[in-house]
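J.:
2 protein chains.
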Amino acid sequence: MANDHKILLSESELPHAWYNIMADMPTEVPPPLHPATHQPVGPQDLAPLFPMALIQQEVSTERYIEIPGAVRDILRLWRPSPLHRALNLEKALGTPARIYYKNEGVSPAGSHKPNTAVAQVYYNKMEGVRSITTETGAGQWGSALAMACQMFDIECRVWMVKVSYYQKPYRRSLIQLWGASVLPSPSEVTEAGRAALARDPNTSGSLGLAISEAVEVAAADEAVKYSLGSVLNHVLLHQTVIGEEALKQMQIAGDYPDVVIGCVGGGSNFAGMAFPFVRERMERNLDTEFLAVEPTACPTLTRGKYAYDFGDVSGMTPLIKMHTLGHDFVPSGIHAGGLRYHGMAALISALVDAKVITGRAVAQTDVFKAALTFARTEGIVPAPESAHAIRTAIDEALKAKETGEEKCILFNLSGHGHFDMAAYDAYLAGELMDFEYPQESMDKSLANLPAVE
Amino acid sequence: MANDHKILLSESELPHAWYNIMADMPTEVPPPLHPATHQPVGPQDLAPLFPMALIQQEVSTERYIEIPGAVRDILRLWRPSPLHRALNLEKALGTPARIYYKNEGVSPAGSHKPNTAVAQVYYNKMEGVRSITTETGAGQWGSALAMACQMFDIECRVWMVKVSYYQKPYRRSLIQLWGASVLPSPSEVTEAGRAALARDPNTSGSLGLAISEAVEVAAADEAVKYSLGSVLNHVLLHQTVIGEEALKQMQIAGDYPDVVIGCVGGGSNFAGMAFPFVRERMERNLDTEFLAVEPTACPTLTRGKYAYDFGDVSGMTPLIKMHTLGHDFVPSGIHAGGLRYHGMAALISALVDAKVITGRAVAQTDVFKAALTFARTEGIVPAPESAHAIRTAIDEALKAKETGEEKCILFNLSGHGHFDMAAYDAYLAGELMDFEYPQESMDKSLANLPAVE
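Respectively, the protein sequence lines represent chains P and Y.
Position one of the first sequence corresponds to residue 1050 (the working numbering), numbered consecutively onward.
Position one of the second sequence corresponds to residue 1050 (the working numbering), numbered consecutively onward.
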């Protein structure tokens, strides 16, 4: 075992419950507010969009929520995911640090996204929902939801940001292969889409607009619901299988992380890995460090404000108290599409505010450099998003090399990069840029935060 | 265990030896002949191209050949690969058959190819080779060799058929990401390439020509060797880790296959899975069936001739006694690029001739239909090549449904289809065609077989 590259669990060791950190939050998590009235949002406000079981999970304070057998049965197709000891990377870095990573790229969709997609579709199915709508940017979430819907035999419609629909066609193909229909957003089938096309027939679309389209269709029909791939409490909850498995695997390795690292866009893969370790830190009085890594091109945690803001660009969603760059902040076109979000999950924001979790920003070219080092030592080609975590793990390992500290580093490899080769091409051709915003441009979008008492 | 989707082995259970079926061949395997003299080829003929250790393996009759520790150390990054029980597929088919598949798509390059790439590069490294050349069609082999060379710190140069270089750029990216250089073939750096460009500057290239380029460069420099990804005995040998692992995993499952299925181009993934089970059949007097599945567009085993022929298009390689469609047979442009080879490994051909292995041809659209059924039940998106095995496994399972036979089916999933989404797009758009050759066109290329006494 000592020199094994992988620590595997059997299917019977797949967790039976999700860990709900709401039960253990060290500080109050301010409630979401209605966008118009600024009053706390109630279950009835969410009922048109989500099945009641998920709304209950969204507000639950039960510490553990049982994973239904039918959900576990599908997760078992690829879970438990392997925990790797990065022996080759350690050797290449010449570090005394021990580096472990959890490989979520083994799911059929290639990322952690199916962990919540399967659960969400299950609860929709149980409540008689006939059809689910969602939006997707580059397609990671859309493909995961398509796969889950296929397995539970529910119709799935995905609004994909138009520029990705045409420029990154292969995740679109994946969505179709798993039987879902996918429309470029803006589309002609919604009012929001038609209005956007009327304003500008050549618009390349945006995630905010795609959300509006998917929500509009779901809200109009009781048998149709909407599904979101990150940010919300229940989504983070479903991802905790990652950290629960990793805890068991670290125990088998006879080791325990000094630092836990993950990349953050909306925050779900990071939360999935980190929250069970946050619980252990609280229960066992440990001083585990948690690093949430974001791009300098979208520095929500490191340069944003902890304040109430809309989850979407157009101001239709509930207001969430979170770290935000302002809902009209437009991040640069970096290749880690999954990390281009102006806000952050409320639970992560609260834990950053409570100084349990620390944000860290890394630049795009440094990220790809780390990705290459990883692919050339460990073999696996990482997603650009996941490479943010790799960059920081390597930085920590190199720091340990300087200090001589035998640090134990654990990071989440949220997905593989098989559908991101164009980004690697651009990096290898020296065409990638770094983005660092002048303070005045940050101040501008932060000045537009809604005024909440 | 009974209802598990996956049967996993620990790294310590990775086989310590390859199985060399040459020790047990039921019939004589005619030797390769020199293309000019028609005399058996000796080690000295191969020495300019291959390290001596691989030449020895090519002719060895030792039953087991130890896998060097350094090779096992790299294979352990992803091996042992999982054996899956296709419970969801069985259910969808409503078959009494039990279907198992070995998932070679878990390697970093996404196929079985690294199993031999790592071994070949190791032996080259041991003999002081500084640089390795090879050719690649769609890039599966080139990317596997690039990864292996990166890990042993050997230079790697890949000649990639020009049409693939430009039309399927993402496996090219993978080759570059792993640090190898890749040239479109024909290139300006070889005589063979320059001559081809002089004849037709706009040629789209061919695998045969790319072989000529890679061989030319290797032959000219003692510190440079050449590497081949299929067909040869030592390549098939290195793939037997697949079948050896599968044997252990079937034992853990408490089951044993009635039929073993794999797709065949040059034959290496099929051989890797099948040969250890062929040994068991001989040793234990079983009646296991072996189905080698090829495209109707390249029906080497089902419509070819068992005769001496060249391995390449231009007639430069040794003559091999094999099932062949004739070295100037040009298969149609099907999407399973890895199966477009006019010949077949000598060992497989001899076992087909001895009626141990049976060839079966399947049509492209039927193959993609099976691939979709598989992706929608088991989740995994298969490579078009591997989907030939899936098609046949499904056919066998449906036959068992009719007869009520509780048949045990095992197939090799040689790789994933993440780099083949354009093929799925074409299938979903109804644009794929099937190819069945009229006998006269087959007869034409078979008429050009070299005359060997």
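Built from N, CA and C at the ideal position, the CB exists for glycine as well.
Using a Cβ-Cβ cutoff of 8 angstroms, what residues of the stretch 1181-1199 of chain P are near chain Y? List them in chain order.
T.: Met1196 and Gln1199
J.: Measure the beta-carbon distance from Arg1147 of chain P to Asp1304 of chain P and round it to whole angstroms, keeping in mind my assumption that it falls under 8 angstroms.
T.: 6 angstroms
J.: Taking the straight line between their C-alpha atoms, what separation do you get for Tyr1486 of chain P and Tyr1390 of chain Y?
T.: 54 angstroms
J.: Go through its chain and collect everything with a Cβ distance to Phe1468 of chain Y's Cβ below 6 angstroms, but skip five positions before and after it.
T.: Tyr1219 and Arg1220
J.: Closer than 8 angstroms, Cβ to any Cβ of chain P: which residues of the stretch 1196-1230 of chain Y, in chain order?
T.: Of all residues in the stretch 1196-1230 of chain Y, Met1196, Gln1199, Met1200, Pro1218, Tyr1219, Ser1222, Leu1223, Gln1225, Leu1226, Trp1227 and Gly1228 have a Cβ within less than 8 angstroms of some Cβ in chain P.
J.: In terms of residues, what are the limits of the alpha helix (DSSP H) holding Met1470 of chain Y?
T.: Met1470 to Leu1477
J.: With respect to the alpha helix (DSSP H) encompassing Glu1115 of chain Y, which residues constitute its N-terminal and C-terminal limits?
T.: Unbroken run through Glu1115 of chain Y is the beta strand (DSSP E), Tyr1113 to Glu1115; no alpha helix (DSSP H).
J.: For Tyr1355 of chain Y, does the three-state DSSP call read helix, strand or coil?
T.: strand
J.: If you measure from the beta carbon of Asp1053 of chain Y to each beta carbon in chain P, is any gap under 8 angstroms?
T.: yes
J.: Starting from the C-beta of Ser1253 of chain Y, find all residues in its chain whose C-beta is less than 7 angstroms away, skip the five residues before and the five after it, and write them out in chain order.
T.: Lys1211 and Val1212
J.: Against chain B, which members of the stretch 1421-1438 of chain Y pass a CB distance test of less than 9 angstroms?
T.: In the structure shown, chain B does not exist; the protein chains are P and Y.
J.: Any idea if Tyr1068 of chain P is buried or exposed, counting beta-carbon neighbours within 10 angstroms, 16 or more meaning buried?
T.: Taking every protein chain shown into account, the CB of Tyr1068 of chain P has 16 or more other CB atoms within 10 angstroms, so this residue is buried.
J.: Could you work out which residues of chain Y lie near Arg1125 of chain P, taking near to mean beta carbons separated by less than 8 angstroms?
T.: Asp1053, His1054 and Lys1055
J.: Let me confirm a value: Asn1164 of chain P is counted as buried when at least 16 other C-beta atoms fall within 10 Å, else exposed. Which label applies?
T.: buried
J.: Three or more C-beta pairs closer than 8 angstroms, one from the stretch 1287-1295 of chain P and one from the stretch 1150-1166 of chain P: is that the case here?
T.: The stretch 1287-1295 of chain P makes contact with the stretch 1150-1166 of chain P: 3 or more CB pairs, one atom from each, lie closer than 8 angstroms.
J.: Kindly identify the DSSP beta-bridge partner or partners of Thr1183 of chain P.
T.: P:Val1207
J.: Pick from P:Pro1100, P:Arg1121, P:Ser1109 and P:Ala1341: whose alpha carbon is nearest that of Ile1181 of chain P?
T.: Looking only at P:Pro1100, P:Arg1121, P:Ser1109 and P:Ala1341, the smallest Cα-Cα distance to Ile1181 of chain P is reached by P:Pro1100.
J.: For His1161 of chain Y, which residues of its own chain have a beta-carbon under 8 angstroms away from its beta-carbon, when the five flanking residues on both sides are left out?
T.: The residues are Glu1153, Gln1288, Ile1291, Ser1317, Asn1318, Gly1321, Asn1461, Ser1463 and Gly1464.
J.: Using a Cβ-Cβ cut-off of less than 7 angstroms, give me the residues of the stretch 1471-1484 of chain P that come near chain Y, in sequence order.
T.: Tyr1473, Asp1474 and Leu1477
J.: Could you give the C-beta distance for Ile1114 of chain P and Leu1286 of chain P, rounded to a whole number, given that I count them as a contact under 8 angstroms?
T.: 7 angstroms
J.: Which of the three DSSP states is assigned to Ile1104 of chain P in this structure?
T.: When secondary structure is reduced to three states using DSSP, Ile1104 of chain P falls in the helix class.
J.: Taking only beta-carbon positions, decide if His1467 of chain Y is within less than 8 angstroms of chain P.
T.: yes
J.: Check whether the Cβ of Pro1100 of chain Y lies closer than 8 angstroms to any Cβ atom in chain P.
T.: no
J.: Start and end of the alpha helix (DSSP H) containing Ser1234 of chain Y?
T.: According to the DSSP assignment, Ser1234 of chain Y belongs to no alpha helix (DSSP H) but to the beta strand (DSSP E) extending over Ser1230 to Ser1234.
J.: If you reduce the DSSP assignment to three classes, tell me which class Phe1484 of chain P lands in.
T.: coil
J.: Out of curiosity, what's the CA-to-CA distance linking Ser1255 of chain P and Asp1474 of chain P?
T.: 25 angstroms
J.: For Pro1145 of chain P, name the three-state secondary structure that DSSP assigns.
T.: In the three-state scheme derived from DSSP, where H, G and I count as helix and E and B as strand, Pro1145 of chain P is classed as coil.
J.: Just curious, the beta strand (DSSP E) that Pro1344 of chain P is in, first and last residue?
T.: Glu1338 to Pro1344
J.: Would you list the one or two residues that DSSP bridges to Asn1461 of chain Y?
T.: Y:Lys1151
J.: Counting only Cβ pairs nearer than 8 angstroms, list the residues of chain Y close to Glu1060 of chain P.
T.: In chain order: Asp1053, His1054 and Lys1055.
J.: Short check: CB of Ile1116 of chain Y to CB of Ala1166 of chain Y, under 8 angstroms?
T.: no
J.: Quick one: grab the DSSP three-state call for Leu1498 of chain Y.
T.: coil
J.: Residues of chain P with CB closer than 9 angstroms to the CB of Pro1117 of chain Y, please, in chain order.
T.: The contacting residues do not exist; Pro1117 of chain Y stays about 16 angstroms from chain P at best.
J.: Looking at the secondary structure, which residues open and close the beta strand (DSSP E) in which Lys1162 of chain Y lies?
T.: First-last for Lys1162 of chain Y: undefined, no H or E at that position.
J.: For Met1050 of chain P, does the three-state DSSP call read helix, strand or coil?
T.: Its pLDDT being 49, under 50, Met1050 of chain P is placed unreliably by the model, and nothing is read from it.
J.: Looking at chain P, is there any beta carbon in it that lies within less than 8 angstroms of the beta carbon of Pro1157 of chain Y?
T.: yes
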